[in-house]
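Just remember that my numbering sits 116 ahead of the position in the sequence shown, which is counted from 1.
For reference, the structure discussed in these notes is given below.
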Amino acid sequence: MSSIASIRARTIPALLTFVVLVALNLGVASSRAAVSPTMHAVVHEDNTITLTFDDGTPVGSQARTPPVIPPGTYTVRVVDDAEEHNFHLFGPGVDQATSTGGMSSPTWTVTFQPGGEYRFQCDTHLDFMFGIFDTSGAGSGSSSSSSSSSSGSSSSSGSSSSSSGGSHAAALRGTLAGTLSATGKLSLALDGKPVSRLKAGRYKITVLDRAPAQGAVVRESGHAAITLSGVAFVGSHSVTVALAAGQWAFSTSAGKSKTSFTVVA
């Protein structure tokens with residue numbers, strides 16, 4: 117009996133060690149499998165919007181602390197089978213979108229920069245249809261990006277620019293998502309929430325403009341307006357703007373519709 121007890125005493129710790137090692141190895145394998153060079157973007161009519169890796173692991177979320185993925189070049193395969201929604205992916209160096217009111221399945225090649233924050237959303241329902249993720253590593257210091265939206269046959273590509281009051285060396289505080297509907301209705305959001313108060317600094321403002329006879333501007337009280345999209349422009353356009361402390365308004369170029377917000381030092 118004593119010999120059997122001795123064997124058990126030696127065998128049980130060994131088995132436990134084996135089980136722990138197997139579990140750790142499976143965890144490492146699962147972590148590695150989560151990141152793939154291909155992403156799958158989906159938006160459905162039932163308000164579903166997702167961005168996942170090959171194994172179904174979510175790329176972004178609405179959590180207070182977003183997921184972090186490796187920077188680099190990825191292939192994004194899109195399935196947009198919704199008439200009411202679109203899929204818009206943007207952040208430093210990336211600005212790609214499908215159109216609302218149509219269905220499409222484009223494939224995008226995108227490069228996510230180190231230390232950046234990225235967002236995907238439905239531009240007409242950005243308050244609840246969105247996800248955010250970060251990339252690991254130090255930021256590159258450059259936040260300009262080119263816009264290659266496909267928002268309808270009359271849409272146009274736009275490139276980021278900077279207002280005269282900003283510094284190219286300063287880091288971005290965030291990306292504001294603005295929309296201008298065909299009827300002139302405006303919305304401006306940060307991380308899916310309507311903008312009412314911001315800290316002073318540089319922001320990228322990405323505007324989805326669907327109004328063929330109106331443009332979008334941002335203006336500090338008592339100062340000249342900064343054009344975000346032209347009167348005849350229809351599509352997605354991004355502009356980097358330095359917002360100083362004061363009272364600001366996001367409005368149509370004619371000023372008939374606007375939403376105001378405060379910038380604090």
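Note that the Cβ used here is the ideal one computed from N, Cα and C, for glycine as well.
Source: prediction; values computed, not measured.
In the three-state reduction of the DSSP assignment, residue 381 falls in the coil class, being assigned neither a helical nor a strand state. By the C-beta criterion, the stretch 321-337 is judged to be in contact with the stretch 355-367, since at least 3 inter-stretch pairs fall below 8 angstroms. Counting along the chain, residue 171 sits inside no beta strand (DSSP E), nor does DSSP assign it H or E at all. Contact annotation: residue 324 and residue 291 have beta-carbon atoms that are not nearer than 8 angstroms.
The DSSP assignment places 313-315, 317-325, 332-336 and 342-345 as complete runs of the beta strand (DSSP E) inside the stretch 310-353, in order along the chain (cut-off: 3 residues). Here residue 244 is exposed, its C-beta having fewer than 16 other C-beta atoms within 10 Å. Going by DSSP, residue 233 is part of the beta strand (DSSP E) stretching over 233-237. Per DSSP, residue 203 lies in no beta strand (DSSP E) and is assigned neither H nor E.
By the CB criterion at 8 angstroms, residue 228 and residue 187 fall inside the cutoff.
With fewer than three CB-CB distances shorter than 8 angstroms, the stretch 300-318 does not count as touching the stretch 217-228. Judged by DSSP secondary structure, residue 363 falls within the beta strand (DSSP E) whose first and last residues are 362-368. Taking a contact as a CB-CB distance under 8 angstroms, the pair residue 160 and residue 213 does not count as one, their CB atoms being some 16 angstroms apart. Annotation: residue 241 to residue 158 spans about 15 angstroms, alpha carbon to alpha carbon. Residue 372 and residue 170 have their C-alpha atoms spaced approximately 46 angstroms apart. The DSSP-derived three-state label of residue 179 is coil. A residue is called buried when at least 16 other Cβ atoms come within 10 angstroms of its Cβ; residue 204 meets this threshold and is buried. When only Cα atoms are considered, residue 219 and residue 251 end up about 29 angstroms apart.
A direct Cα-Cα distance of roughly 18 angstroms separates residue 339 from residue 319. By the CB criterion at 8 angstroms, residue 231 and residue 207 fall outside the cutoff.
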